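This report concerns only the one structure given below.
Residue numbers (my numbering), protein chains in the order written: chain E, 1 to 388; chain L, 389 to 776.
If you want it as structure tokens, here you go:
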């Protein structure tokens, strides 16, 4: 029994210019371009190992130790595209194994708890697509591969690059020009840090796909956002990244987070992702920037109450000092020598604010997908360890 | 000593199409037209008595039993306009007393606690302007008088009429065409009811004047709201009132409340008036309408977390039944036989939701300003009773 295997890791990315709205639901084509920062895989990544063998009768997926259904249209679309590209190779070179016709075993694990409430689908689909592309030895570049990841989960396409990434919305109805491109690599602006405040919430959030559909169909302000606000902001944000101009980058990041949540609120029925804890964190960051006389920290919120706060390394003692002051009771500070932080700020906030936050993740800008020597799959093509 | 006196009452109004944004701050000229429902003075009203006498050396104001400063530019602008109109009369008829040259004593009281957090400035300025107009025997109609009230507090102009009222934004730079007009009187649609849920909040809200300035200056979505969204909605809402079409009126009311709070959130720094309690009330109303298969209740929120829920009398048992189910521990149900309410709904909400609400006010559409036989001023022109 011959089993062909490959493994790859992919990062989480957090948008600074938000993707909200699909012009084509099945192809995950967006109504606007977006920009993200890729986060370090030391803290947040998905590792996926794949195996192909003539003996595998069907495709199988194990996610965080659990056998999962592969019936989702999105996963099927990704696998079909990858097999089709492999088939092209096979038709040109009859000496290579017909992997496109083999069953696939996919084993995938995150290095962070799903319970953290962080959208892991971007890293998940990116790792899936990259590991299979590697197994299939596809010659396509990352932007081409990103179009396949996009069909799995829109924002997954941005996890195909490290550093600073744009998802160009494209114009074609078949989505062939809707892909991720690198705005700048990690090495261009390596001192970008991120603190993720995982906010507890008692309610279930509106799933982003149905939320987007509601906004597109009902928000009167949405059309203005996608036609006028975002295109201008997209150019300005790319420029701010190229200039490493944090004040502008941070200002645009906060404005776009608020603009996105504004069109959610303008939907019928309104969609709320920010809770009272999120709002207090927003106020804290504005107050910090006000006292500093410039923007040294910028929050952004995805489709949930978690805050991601970007800042530059040089301001870490101040930014994390303020956060530590109010959230020192929360888990996640272990990797830092908190004694060095500047907690002298007299900015006032609710002293019980920490109760709304379950965890802090301290991370930074990171690399794109990586080949992995670690494999989750054994030589029979089965998960090495199954947790349950 | 001759003391001339007059007394009048004026109502609170709650906008269903929101006023948010000034194009001229000192004249209180708005960036968009707005619509409101006038609420019954049985529940919420300001009573103002005024006295003029040659012996009064200066203008004085007692508000809810307390001597207050009359130094505010807004109050001074109202008094100057009223005196100027009186002077016109005096110049045409030398037999009438020169009240325009006399000091004014103004005594004003609300029939609801200021602590309720309800914007009382609209009723307050309306009662002030109407009582002085009456004292001065001004011939101007209510729309003309509303322009003076507008200078005191923008939304006060809408309290010059009962029933359903529009504030036409106007185009002139001097504000002479920015005035309130009646859309329909109380008698046209008398079965409109309102339940006000007074929501407790630990934070101080952004004052509306500075909040508006921030939105006008910083929100990218705001220009679209005032140029495209509101003008269309203004016509549609007026028509829905004329047709007594609650489903459309309610839909537009909720949409406009959300649109207003969306542009607040889109401001820099973002302005939040809705809290987690407000959001849960919003969800409750959408769920109620969904189960009914039509819109029978509509929420609206001003610059604060208080919910005003409009509904028609015929749906009272259902709408108040649901509200009673979750808020029966809150004060304010005394005027109603709650046993008749339909509390059978199985709509689920946080059972502790009532803890976020301090009081419920059950009211309905009401009349415009009224002459009052009750006077707060004695024959010396001083407050009859001073609480402190």
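Heads up, the beta-carbon is just placed ideally off N, CA and C, and yes, glycines get one too. For clarity, every value in this text was computed on a predicted model and none was experimentally measured.
From residue i to residue j, what distance separates their C-alpha atoms?
i                     : j                     : result
residue 622 (chain L) : residue 145 (chain E) : 49 Å
residue 693 (chain L) : residue 325 (chain E) : 29 Å
residue 174 (chain E) : residue 24 (chain E)  : 9 Å
residue 6 (chain E)   : residue 187 (chain E) : 27 Å
residue 359 (chain E) : residue 113 (chain E) : 11 Å
residue 295 (chain E) : residue 195 (chain E) : 16 Å
residue 414 (chain E) : residue 303 (chain E) : Limits of chain E in this structure are 1 at one end and 388 at the other, which puts residue 414 (chain E) out of reach.
residue 742 (chain L) : residue 361 (chain E) : 35 Å
residue 535 (chain L) : residue 564 (chain L) : 7 Å
residue 271 (chain E) : residue 211 (chain E) : 7 Å
residue 76 (chain E)  : residue 131 (chain E) : 15 Å
residue 129 (chain E) : residue 364 (chain E) : 24 Å
residue 470 (chain L) : residue 521 (chain L) : 7 Å
residue 96 (chain E)  : residue 10 (chain E)  : 27 Å
residue 250 (chain E) : residue 308 (chain E) : 12 Å
residue 487 (chain L) : residue 258 (chain E) : 53 Å
residue 700 (chain L) : residue 640 (chain L) : 16 Å
residue 48 (chain E)  : residue 421 (chain L) : 57 Å
residue 151 (chain E) : residue 68 (chain E)  : 19 Å
residue 494 (chain L) : residue 460 (chain L) : 14 Å
residue 203 (chain E) : residue 168 (chain E) : 33 Å
DSSP three-state label for residue i, please.
i                     : result
residue 364 (chain E) : strand
residue 411 (chain L) : strand
residue 619 (chain L) : helix
residue 245 (chain E) : coil
residue 102 (chain E) : coil
residue 718 (chain L) : coil
residue 776 (chain L) : Confidence in residue 776 (chain L) is poor, its pLDDT being 39 and thus under 50, which makes the residue's placement too unreliable to answer from.
residue 446 (chain L) : coil
residue 513 (chain L) : helix
residue 189 (chain E) : coil
residue 88 (chain E)  : helix
residue 16 (chain E)  : strand
residue 484 (chain L) : coil
residue 742 (chain L) : helix
Going by CA-CA distance only, name the one from the options that's closest to residue i.
i                     : options                    : result
residue 643 (chain L) : L:660, L:625, L:763, L:679 : L:625
residue 772 (chain L) : L:422, L:439, L:402, L:407 : L:439
residue 332 (chain E) : E:138, E:176, E:177, E:198 : E:198
residue 531 (chain L) : L:470, L:606, L:568        : L:568
residue 616 (chain L) : E:27, E:221, E:128, E:225  : E:221
residue 30 (chain E)  : E:230, E:99, E:141         : E:230
residue 164 (chain E) : E:203, E:343, E:244, E:309 : E:244
residue 104 (chain E) : E:321, E:68, E:66, E:57    : E:57
residue 344 (chain E) : E:159, E:320, E:367, E:366 : E:320
residue 347 (chain E) : E:286, E:224, E:111        : E:286
residue 85 (chain E)  : E:69, E:203, E:141, E:26   : E:141
residue 499 (chain L) : L:706, L:400, L:601        : L:400
residue 679 (chain L) : L:495, L:538, L:710        : L:710
residue 372 (chain E) : E:70, E:108, E:80          : E:108
Which same chain residues end up closer than 7 Å to residue i when comparing Cβ atoms and leaving out the 5 residues on each side of it in sequence?
i                     : result
residue 704 (chain L) : 581
residue 677 (chain L) : 683, 684, 685
residue 606 (chain L) : 655, 656
residue 668 (chain L) : 737, 738, 741
residue 744 (chain L) : 587, 588, 665
residue 776 (chain L) : Residue placement at residue 776 (chain L) cannot be trusted, given a pLDDT of 39 that sits under 50; the coordinates are not used to answer.
residue 549 (chain L) : 426, 530, 568, 570, 756
For residue i, which residues of its own chain have a beta-carbon under 6 Å away from its beta-carbon, when the five flanking residues on both sides are left out?
i                     : result
residue 166 (chain E) : 35, 181, 183
residue 672 (chain L) : 737
residue 53 (chain E)  : 3, 102, 381
residue 758 (chain L) : 397
residue 170 (chain E) : 177, 178
residue 547 (chain L) : 398, 399, 401, 510, 511, 514
In its own chain, which residues sit with a C-beta less than 8 Å from the C-beta of residue i, not counting the 5 before and 5 after it?
i                     : result
residue 274 (chain E) : 261, 282, 301, 305
residue 577 (chain L) : 551, 552, 629, 632, 753
residue 40 (chain E)  : 11, 363, 364, 365, 366, 367
For a contact defined as C-beta to C-beta under 7 Å, what are the partners of residue i on chain A?
i                     : result
residue 305 (chain E) : The structure shown contains no chain A; the protein chains it does contain are E and L.
Taking three-plus beta-carbon pairs below 8 Å as touching, is the segment 119-139 of chain E in contact with the segment 30-48 of chain E?
Short answer: they touch.
Specify whether the segment 641-656 of chain L and the segment 448-456 of chain L touch according to this definition: at least 3 beta carbon pairs, one from each stretch, less than 8 Å apart.
The segment 641-656 of chain L is not in contact with the segment 448-456 of chain L.
Cβ pair count under 8 Å reaching 3, the segment 721-739 of chain L against the segment 512-529 of chain L
Contact fails: fewer than three Cβ-Cβ distances are below 8 Å.
Segment contact flag, the segment 152-168 of chain E with the segment 8-19 of chain E, C-beta cutoff 8 Å, min 3 pairs:
In short, these stretches touch, since the Cβ pair count reaches three.
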